[in-house]
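Novice: When the sequence shown is numbered by our numbering, its final residue is 795 and no position is left out of the sequence of numbers.
We put the beta carbon where it would ideally sit given N, CA and C, even for glycine.
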Amino acid sequence: MTGPEFDPPVASEDALRGSTAKVVEQLGCQIVEGCKPRDQHLTVDAVMQEFGITRPMARESLQTLHQKGLINLQPRIGATVQGLERWDLLDPDVIAWRLEVAPDSQMRSLTELREVIEPRAARLAALSRSAEICHDLTGHARTLLALSRDPDFARPREGAAIRRRFRDVDAAFHRTLLDGSRNELFLHLAHPVVMALNHRIDRNWAGTHQEATVTPVRAVIGTDTVRSYPTRPEPIAMWLHMGLAYAVDQGLATAAEAFAEAILAEIRSGRLQDPAVRDRLRAGLDHFNANGLPAAHRAGFQEAMAGLIHARHAPVVVMGVSGCGKTTVGEFLAESLRVPFEEGDHFHPRRNLESMEDGNRLDDRSRSPWLAAIARRMRAAGPEEGLVITCSALRRIYREMLRVAQPDAFFVHLALGQDEAAARVASRGAHFMPASLVSSQFEDLEPLEDDEAGMTLDATLPVERIIAEVQTELARRTRPGR
314 MTGPEFDPPV ASEDALRGST AKVVEQLGCQ IVEGCKPRDQ HLTVDAVMQE FGITRPMARE
374 SLQTLHQKGL INLQPRIGAT VQGLERWDLL DPDVIAWRLE VAPDSQMRSL TELREVIEPR
434 AARLAALSRS AEICHDLTGH ARTLLALSRD PDFARPREGA AIRRRFRDVD AAFHRTLLDG
494 SRNELFLHLA HPVVMALNHR IDRNWAGTHQ EATVTPVRAV IGTDTVRSYP TRPEPIAMWL
554 HMGLAYAVDQ GLATAAEAFA EAILAEIRSG RLQDPAVRDR LRAGLDHFNA NGLPAAHRAG
614 FQEAMAGLIH ARHAPVVVMG VSGCGKTTVG EFLAESLRVP FEEGDHFHPR RNLESMEDGN
674 RLDDRSRSPW LAAIARRMRA AGPEEGLVIT CSALRRIYRE MLRVAQPDAF FVHLALGQDE
734 AAARVASRGA HFMPASLVSS QFEDLEPLED DEAGMTLDAT LPVERIIAEV QTELARRTRP
794 GR
């Protein structure tokens, strides 16, 4: 039989183009992920067989990847997979594939790119002070603040539309900032900037998970950690956007640059507490006219800036029985907060260490000089310097001794079961504390009471989760009005 109704269907041009795009995406992800290792040869026939496509589609797919630098096409040799240094790393597809298969490293790179260009773009935008740019920036900043306060923002389903709107306005804000620089190269980099912004709220929003955290799950926590997007935008971040917009509007280049730097510092664990960042922001605010903001926002802005600039670092004591992980948590916490760290065991008199090595428990009298030495170190820590120090602080009376030295001291109790603690101590090898003394620590332990400044956390949680919980609580306690 013949006739058009019996002819085999012919795929439309759009359908073929869509199929080719899917092959390009799959091949691209394989190369980025390492499934197609560097220097591997890809033939047209192999691509046809792997993806079940026609020869023209296979050729087009390889040509597209060649244009993106992922492969190199040469006559008579064919396609050869290239190393990362040959990729077009600013290509939107390459960025998207890297975010898919290696989000941490790609987000770190994108954030470092933003840290280079956005503060400078802010300075240039303030010097240019285009009326159109100022109008758009200030409008976006006010919209972001309003959306961040929407009650539904933190609700996974009900807030989806609000978060999409917020994401789009945030992207427009930063695109406008780059446009305001009047530097065509900066504007050309708007796409990777927007992709970094969108990834945080689309793919790394803390509210997606049952147990929301402020920082992503990582093996190492420090000031280079790009935090997950919180369940609701941090108020300080919104006020910093407001400050940036109105610093540009007022033509204040130094202030605009400082606000842009602070916005990027806020997304990294602890970096907003960096004295250098706060000093530059303080210098920018010296010339900033808060009366240039809408009347409804002036008091909130001034209160937020005062709380940030004059923030005090209460000393943090990481406490708990031996084996609960005080040193590990303390070191990471101090790094994330950018404050000094002290190992409390180093303050023990030698006779205390020898006594414990011999299997003898310490009494109040023998602990007294140790606690006094820790108290002196805490007293020496200035409010701007801060301090994280470890100390078992098992009994309330011991904690009171430390509070006499620093009344605003904050205690983080790492709670652990006795069997787990004994197993940990027994496995750590050379240490002055023998496993036989673990039971005596539980006999002395008096957990934090409701009227004590501090928090209790499960010591078996991942370190990054513990750090995130402490950071969140410390930030809550230092907010203006508390």
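Please go through the region 488–528 and give each complete beta strand (DSSP E) segment of 3 or more residues, from N-terminal end onward.
Specialist: Counting only runs of 3 or more, we get nothing.
Novice: Mark SER374 as exposed unless 16 or more other C-beta atoms lie within 10 angstroms of its C-beta, in which case mark it buried.
Specialist: Position 61 of the sequence shown holds residue 374. The residue in question, SER374, is buried, as its Cβ has 16 or more Cβ neighbours within 10 Å.
Novice: Could you give the residue range of the alpha helix (DSSP H) that holds ILE576?
Specialist: Residue mapping note: residue 576 aligns to position 263 of the sequence shown, counting from 1. 566–579 is the span of the alpha helix (DSSP H), which, as asked, contains ILE576.
Novice: For PRO464, count the other beta carbons within 10 Å of its own beta carbon; 16 or more makes it buried, fewer makes it exposed. Which is it?
Specialist: Locating residue 464 in the sequence shown gives position 151, counting from the first residue. Classification for PRO464: exposed.
Novice: Taking contact to mean at least 3 C-beta pairs separated by less than 8 Å, is the region 719–735 in contact with the region 627–634?
Specialist: Because the criterion of three Cβ pairs below 8 Å is met, the region 719–735 and the region 627–634 touch.
Novice: The alpha helix (DSSP H) that contains GLN376, what's its start and end?
Specialist: Looking up residue 376 in the sequence shown gives position 63. Residues 368–380.
Novice: Specify the secondary structure class of ASN673 as computed by DSSP and reduced to three states.
Specialist: Within the sequence shown, the letter at position 360 stands for residue 673. Three-state DSSP puts ASN673 in coil, outside helix and strand.
Novice: Report the residue from PRO662, VAL345, VAL629, ASN673 whose alpha carbon sits nearest the alpha carbon of ALA694.
Specialist: Locating residue 694 in the sequence shown gives position 381, where the first residue counts as 1. With distances taken between Cα atoms, ALA694 lies closest to VAL629.
Novice: Within the continuous beta strand (DSSP E) that includes GLN419, where are the two ends?
Specialist: By one-based count along the sequence shown, residue 419 stands at place 106. Note, GLN419: premise wrong, no beta strand (DSSP E); alpha helix (DSSP H) at 416–441.
Novice: Would you tell me roughly how many angstroms separate the C-alpha atoms of LEU700 and PRO653, rounded to the nearest one?
Specialist: On the sequence shown, position 387 is the one that residue 700 refers to. On the sequence shown, position 340 is the one that residue 653 refers to. If I take the Cα positions, the gap works out to 5 Å.
Novice: Answer with buried or exposed for CYS348, where buried requires no fewer than 16 other C-beta atoms within 10 angstroms of its C-beta.
Specialist: If you number the sequence shown from 1, residue 348 lands on position 35. Exposed, by the Cβ-count rule.
Novice: Return the Cβ separation of ARG651 and GLN586 in integer angstroms, given the expectation that the two are a contact with Cβ distance under 8 Å.
Specialist: Stepping through the sequence shown from its first residue, residue 651 is reached at position 338. Stepping through the sequence shown from its first residue, residue 586 is reached at position 273. Right, their Cβ atoms sit about 6 Å apart.
Novice: Would the beta-carbon of GLY493 fall within 8 Å of that of VAL561?
Specialist: Here residue 493 is taken as the residue at index 180 of the sequence shown, counted from 1. Here residue 561 is taken as the residue at index 248 of the sequence shown, counted from 1. Yes, Cβ-Cβ distance for GLY493 and VAL561 is below 8 Å.
Novice: Do you know offhand how far ASP481's Cα is from ALA519's?
Specialist: By one-based count along the sequence shown, residue 481 stands at place 168. By one-based count along the sequence shown, residue 519 stands at place 206. Near 18 Å, if we compare the C-alpha coordinates of ALA519 and ASP481.
Novice: Helix, strand or coil: which one does DSSP assign to ILE710?
Specialist: Counting from one through the sequence shown, the residue named residue 710 turns up at place 397. Reduced to three states, the DSSP call for ILE710 is helix.
Novice: Label THR703 either buried or exposed according to how many other C-beta atoms from any shown protein chain fall within 10 Å of its C-beta, with 16 as the threshold for buried.
Specialist: Numbered from its first residue, the sequence shown carries residue 703 at position 390. It is buried - the Cβ of THR703 has at least 16 other Cβ atoms within 10 Å.
Novice: Roughly how far, in whole angstroms, is the beta-carbon of ALA735 from the beta-carbon of GLY638, given that I think they are within contact range, below 8 Å?
Specialist: Start at 1 with the first residue of the sequence shown, and residue 735 comes out as number 422. Start at 1 with the first residue of the sequence shown, and residue 638 comes out as number 325. Their Cβ separation, rounded to whole angstroms, is 14 Å, which puts ALA735 and GLY638 out of contact at 8 Å.
Novice: Could you please give the first and the last residue of the uninterrupted beta strand (DSSP E) stretch that includes LEU770?
Specialist: Within the sequence shown, numbered from 1, the residue matching residue 770 stands at position 457. Where LEU770 is concerned, the enclosing beta strand (DSSP E) stretches over 767–771.
Novice: Report the three-state DSSP secondary structure of ALA686 (helix, strand or coil).
Specialist: Residue 686 sits at position 373 when you count from the first residue of the sequence shown. Helix.
Novice: Thinking C-beta only, is MET551 closer than 8 Å to PRO405?
Specialist: Here the question's residue 405 lines up with position 92 in the sequence shown. Here the question's residue 551 lines up with position 238 in the sequence shown. Taking 8 Å as the Cβ cut-off, PRO405 and MET551 do not qualify as a contacting pair.
Novice: Nearest CA to the CA of LEU621: which residue from GLY556, ILE384, GLY391, ALA685?
Specialist: The residue labelled residue 621 in the question sits at position 308 within the sequence shown. Nearest C-alpha to LEU621: GLY556.
Novice: Using the rule of at least 16 other Cβ atoms within 10 Å of the residue's Cβ for burial, across every protein chain shown, is ILE710 buried or exposed?
Specialist: Here residue 710 is taken as the residue at index 397 of the sequence shown, counted from 1. Exposed, by the Cβ-count rule.
Novice: When the distance is taken between beta carbons, is GLY605 closer than 8 Å to ALA568?
Specialist: Mapped onto the sequence shown, residue 568 falls at position 255. Mapped onto the sequence shown, residue 605 falls at position 292. No, the Cβ-Cβ distance between ALA568 and GLY605 is not below 8 Å.
Novice: I'd like the span of the beta strand (DSSP E) that includes THR393, first residue to last.
Specialist: Counting from one through the sequence shown, the residue named residue 393 turns up at place 80. THR393 -> beta strand (DSSP E) spans 391–394.
Novice: How far does the beta strand (DSSP E) with PHE723 in it extend, from its first residue to its last?
Specialist: For the purposes of this step, residue 723 is taken as the residue at position 410 of the sequence shown. Unbroken beta strand (DSSP E) run through PHE723: 723–728.
Novice: Return the residue from the list ASN665, GLY657, LEU577 that minimises the CA-CA distance to ILE687.
Specialist: Taking the first residue of the sequence shown as 1, we reach residue 687 at position 374. Closest by alpha carbon: GLY657.
Novice: Can you give me the C-alpha to C-alpha distance between TRP683 and PHE660, rounded to a whole angstrom?
Specialist: Stepping through the sequence shown from its first residue, residue 683 is reached at position 370. Stepping through the sequence shown from its first residue, residue 660 is reached at position 347. Their Cα atoms are separated by approximately 6 Å.
Novice: Skipping 5 residues on each side, what residues in its chain have a beta carbon closer than 7 Å to that of MET370?
Specialist: Along the sequence shown, one-based indexing puts residue 370 at 57. Excluding positions up to five away in sequence, the list reads LEU329, SER332, THR333, VAL336.
Novice: In the DSSP output, which residue or residues are listed as bridge partners for ASN665?
Specialist: Reading the sequence shown from its first residue, position 352 is the one you call residue 665. None, per the DSSP bridge assignment.
Novice: I'd like to know whether the C-beta atoms of LEU491 and ALA409 end up nearer to each other than 8 Å.
Specialist: In the sequence shown, residue 491 corresponds to position 178, counting from 1. In the sequence shown, residue 409 corresponds to position 96, counting from 1. No, the Cβ-Cβ distance between LEU491 and ALA409 is not below 8 Å.
Novice: Taking the alpha-carbon of ALA619 as reference, which of ALA608, ALA627, ASP592, THR641 has the nearest alpha-carbon?
Specialist: Locating residue 619 in the sequence shown gives position 306, counting from the first residue. Of ALA608, ALA627, ASP592, THR641, the residue nearest in Cα terms is ASP592.
Novice: Run through the region 579–639 for me and flag every whole alpha helix (DSSP H) of 4 or more residues, listed as ranges in chain order.
Specialist: Qualifying alpha helix (DSSP H) stretches, in chain order: 588–598, 608–622.
Novice: Tell me whether the beta-carbon of LEU386 lies closer than 8 Å to the beta-carbon of GLN395.
Specialist: In the sequence shown, residue 386 corresponds to position 73, counting from 1. In the sequence shown, residue 395 corresponds to position 82, counting from 1. Taking 8 Å as the Cβ cut-off, LEU386 and GLN395 do not qualify as a contacting pair.
Novice: Going by beta-carbon coordinates alone, are PHE723 and ALA627 separated by less than 8 Å?
Specialist: Numbered from 1 along the sequence shown, position 410 holds the residue referred to as residue 723. Numbered from 1 along the sequence shown, position 314 holds the residue referred to as residue 627. Yes, the Cβ-Cβ distance between PHE723 and ALA627 is below 8 Å.
Novice: According to DSSP, what are the bridge partners of LEU386?
Specialist: Against the sequence shown, residue 386 aligns to sequence position 73. In DSSP, LEU386 forms a bridge with ALA392.
Novice: Can you tell me which residues form a DSSP beta bridge with GLU655?
Specialist: Indexing the sequence shown from 1 puts residue 655 at position 342. Per DSSP, ILE702.
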